[in-house]
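Report on one structure; see the data block that follows.
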Amino acid sequence: TFWDLNICSACSDKCEKDMDKIAVTYYINSKNGNDLNDGLSEVNAWKSLVNLKQQYSC
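For what it's worth, the UniProt record's numbering labels the leading residue of the sequence shown as 1, then goes sequentially.
Structural data, given as structure tokens:
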């Protein structure tokens, strides 16, 4: 299962404006993913949402 996430929903207005400059798709696969992957392709999907906090701490 792959998820399309709105990662700005919990961020401040300032952070949300900064994030408008860059669009990145992260892939998450709870069955076959690995949180040590970069999450940038289906083959290298993350297993959980843990890495989102590291990528986008506002």
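A virtual CB, placed ideally from N, CA and C, is assigned to each residue, including glycine. For clarity, every value in this text was computed on a predicted model and none was experimentally measured.
For residue i, count the other beta carbons within 10 Å of its own beta carbon; 16 or more makes it buried, fewer makes it exposed. Which is it?
i: residue 45; result: buried
Figure out for me which residue from the options has the closest Cα to the Cα of residue i.
i: residue 30; options: 22, 42, 24; result: 42
Spatial neighbours of residue i within its chain, please: CB distance less than 7 Å, with the 5 preceding and 5 following residues excluded, ordered by chain position.
i: residue 37; result: 44, 45, 46
i: residue 23; result: none
Return the chain-ordered list of same chain residues with a C-beta closer than 6 Å to the C-beta of residue i, the five sequence neighbours on each side being excluded.
i: residue 34; result: 47
i: residue 50; result: 35
i: residue 26; result: 39
Work out the CA separation of residue j and residue i for me, nearest whole Å.
i: residue 32; j: residue 55; result: 21 Å
i: residue 53; j: residue 40; result: 15 Å
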